């Protein structure tokens with residue numbers, strides 16, 4: 004599948020996001036197929052989880068969406084969930100801190116002098 008090559012070789016965020024979208028859209032076909040069912044977990048581990056720390060916000064968002072699409076899949080090893088936690092939770096925490104700083108420095112409404 005060509006989108007696997009894109010994820011392995013490309014550094015263009017638009018191409019990576021498109022490939023992640025295609026993998027996410029194929030979740031029902033891949034998880035229901037006897038041929039591919041056993042390889043879904045390895046694919047997510049090898050290609051998707053590392054994208055949760057991508058420098059591009061929309062690639063991180065698409066990787067998280069892609070993992071959500073596969074959330075009904077049966078995982079046989081706990082390592083993929085541990086890797087998800089290790090890669091995604093720090094990103095969420097840094098975003099929360101950034102938003103908290105933004106909220107403190109930018110009041111929701113600006114007051115004007117009367």
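In my numbering, the protein residues as written are 4 to 117. Glycine included, each C-beta is placed from N, C-alpha and C at the ideal position. Please read all numbers here as calculations on a predicted model, not as lab measurements.
A direct Cα-to-Cα measurement between residue 34 and residue 69 gives close to 13 Å.
The Cβ atoms of residue 86 and residue 48 sit closer than 8 Å to each other. Nearest to residue 72 by alpha-carbon distance, out of 23, 59, 81 and 80, is 23. Around the Cβ of residue 55, a 10 Å sphere holds 16 or more other Cβ atoms; the residue is buried. Boundaries of the alpha helix (DSSP H) harbouring residue 60: 60 to 72, taken from the DSSP string. Sixteen is the threshold: since fewer than 16 other Cβ atoms of the shown chains lie within 10 Å of the Cβ of residue 92, the residue is exposed.
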